[in-house]
Amino acid sequence: MARNYYHHSAMNSNSGAPSKKADQLQEPVLWKCIILAALTYMVWSDKLSIVLDFNSPVPQEKTVLHGGERVRASLFSQPASSTRQQKKSKVSSGLVLPKQTKGHSVFVMDPGFGDRNKIDPSICAAGISQCQDYVARYAPVAIAEMHKFGIPASIILAQGLLESNAGDSNLAQRTNNHFGIKCFSNRCKKDHCINFADESHKDFFVRYDNVWSSYRSHSKLLKNNRRYAPLFKLTSTDYRGWANGLAKAGYATDKNYADKLLALIQNLHLYAFDKQ
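Count the sequence shown with numbering that gives the first Met the number 0 and you get residues 0 to 275, in order.
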């Protein structure tokens with residue numbers, strides 16, 4: 000009896016061995032399936048972005064950190080949080096600028112400008128880099144102004160880029176005036192403003208102690224001027240409405256002003272900052 004019992008027990012033990020091995024084999028497969036499913040979900044839901052650059056031996060990108068989220072300020076890249084919106088906004092706005100157009104932002108507003116006018120690619124790249132650096136430096140200021148005054152950060156940055164030649168204009172360098180804000184006072188204090196054109200007081204521009212003061216002055220100019228009042232009925236994410244409204248209100252005399260702002264916003268993905 001004892002032998003029969005032992006034999007029966009051994010048979011049960013042997014018959015369970017394959018089942019154990021099968022379980023051990025299935026466990027890694029199960030984990031692989033779970034990991035694959037998680038990765039698929041992350042890519043599909045835009046939680047994970049994979050970028051391959053086969054043209055550059057040393058991949059580089061300029062990034063700005065806001066609220067723990069990494070946002071790219073790059074002409075041909077897109078913010079991780081705005082993949083879906085990027086599908087609606089093309090890299091190029093279709094703006095074609097005349098050959099005589101100057102400034103760093105030209106190569107951002109009109110990506111085909113360099114090739115069309117046979118400009119050294121290194122010059123084009125330097126112009127784009129200057130604009131990216133400007134965004135990286137002043138995006139936090141623009142976001143703070145947006146929260147305080149309700150002006151889209153994308154609009155503030157685009158105007159700053161355009162009016163100051165990405166911070167490199169003579170006016171911006173000498174006066175910290177990044178928005179072309181003029182002085183119309185006849186009783187301003189000494190060194191309050193500076194003349195860049197002729198002796199007409201309309202050509203005097205305000206001098207600021209720092210760039211932040213220029214940004215704040217720009218916000219107050221829009222907020223306190225009645226001709227810009229309708230713009231504040233728009234949301235801070237309606238950059239199109241703001242761009243067209245600024246042009247219509249006469250912020251600049253350039254007939255392509257709205258299109259230029261929109262090209263900068265779309266091609267540098269500045270709209271991502273409006274949601275910060």
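We treat Cβ as the ideally placed atom computed from N, Cα and C, and that holds for glycine.
Note that the coordinates shown come from a computational prediction; the quantities given were computed from them, not determined experimentally.
Q) Is P229 near the ligand MN, judged by its Cβ being under 8 Å from some heavy atom? A) Because no ligand of any kind appears in the structure shown, any question about the ligand MN cannot be addressed here.
Does the segment 147-161 come into contact with the segment 208-219, if we say contact requires no fewer than three beta-carbon pairs (one atom in each stretch) closer than 8 Å?
yes
Going by DSSP in three states, K259 sits in which element: helix, strand or coil? helix
State yes or no: is the C-beta of I111 within less than 9 Å of the C-beta of D119?
As written in the sequence, residue 111 is Gly, which differs from the Ile given in the question. Result no, Cβ atoms of G111 and D119 do not sit closer than 9 Å.
- Query: Does the beta-carbon distance from N176 to Y207 come in below 9 Å?
  - Reply: yes
Under the three-state reduction of DSSP, which class applies to V95: helix, strand or coil?
coil
Where F272 falls: helix, strand or coil (DSSP) = helix
Review point. Does the segment 139-149 touch the segment 251-261, meaning 3 or more C-beta pairs lie closer than 8 Å?
Key: no
| task | Hey, could you find the ends of the beta strand (DSSP E) F203 is sitting in? | result | F203 to V205
Q. What does DSSP give as the partner residues of K181 in its beta bridges?
A. F204
Quick test of your reading: F276 and A141, contact by CB under 8 Å. State the CB separation rounded to the nearest angstrom.
Here the chain comprises residues numbered 0 to 275, so residue 276 is not present and cannot be evaluated.
Span of the alpha helix (DSSP H) around D253
Premise fails: D253 is in no alpha helix (DSSP H) and is neither H nor E.
Original post:
Would you say D258 and L94 are within 9 Å of each other, going by their C-beta atoms?
Top reply: yes
Would W30 be called buried (16 or more neighbouring beta carbons within 10 Å of its own) or exposed?
-> exposed
Where Q276 and I33 are concerned, what is the direct C-alpha to C-alpha distance, given to the nearest angstrom?
Because the chain in this structure spans residues 0 to 275, residue 276 falls outside the shown range and cannot be described.
Handout entry: V107 beta carbon less than 9 Å from that of G166
Key = no
**Asked** Going along the chain, which residues of its own chain have a beta-carbon closer than 6 Å to the beta-carbon of G179, five neighbours each way excluded?
**Response** E162
Roughly how many angstroms separate the alpha carbons of D109 and L263, rounded to a whole number?
9 Å
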